[in-house]
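The structure appears right after this line, and notes come after that.
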Amino acid sequence: GEWVVGVPCRADRALLVSAEGWASTIAAPECGAREWKWHGGQEMEGEVWAPPANADSVLVIDPSRRRCRSVALEDGGESSKRKSKFYGAVRGSGSAAYGIPIAAGR
């Protein structure tokens, strides 16, 4: 189906709004006390990939299955504790999405 997905920036849940008009939320991993955990996202093959702003990992939201999962950054943990790592994402060629770096190490 068609979805509008709200990435949790200061919330502990992702927001899903269906084309049919109903709304739901799903729990997101590592939603502790941090603010600005994820900022923006990019749809990739039915999932929304949200790069971390202050979170430690990429958030993947799957609206059709109504679940979230996290994917570790591939930098050996170098940037996991940095703040304001990425602000949004863009779709690249093929099946790639790229985070827009603000203070990310790479």
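Take the sequence shown: its letter number 50 is residue 57 in our numbering, and every next letter is one higher.
Note that beta-carbon positions come from the ideal geometry of N, C-alpha and C, so glycine has one too.
All values derive from a computational prediction rather than experimental measurement.
- Query: The beta strand (DSSP E) with V12 in it runs from where to where?
  - Reply: It spans 10-13 - the beta strand (DSSP E) in which V12 sits, taken as one unbroken run.
- What's the C-alpha gap between R73 and I33? 6 angstroms
- Task: Assuming G53 contacts V14 (C-beta within less than 8 angstroms), just tell me the rounded distance between them.
- Result: The pair is not a contact, with the Cβ atoms about 16 angstroms apart (cut-off 8 angstroms).
- Going along the chain, which unbroken runs of the beta strand (DSSP E) with 3 or more residues stay wholly within the segment 34-102? 49-51, 54-57, 64-69, 74-79, 93-98
- Just grab the DSSP bridge partners of R17 for me. DSSP output for R17 lists no bridge partner at all.
- Query: Taking the alpha carbon of V78 as the point to measure from, which residue in S91, R89, S71, D63 has its own alpha carbon closest?
  - Reply: D63
- Hey, could you find the ends of the beta strand (DSSP E) G106 is sitting in? 104-108
- Item | Distance, E9 Cα to S71 Cα | 9 angstroms
- Query: CB-CB under 6 angstroms to N61, same chain, minus the five flanking residues each way: which ones, in chain order?
  - Reply: Within the same chain, N61 has close Cβ partners R41, W43, K44, K90.
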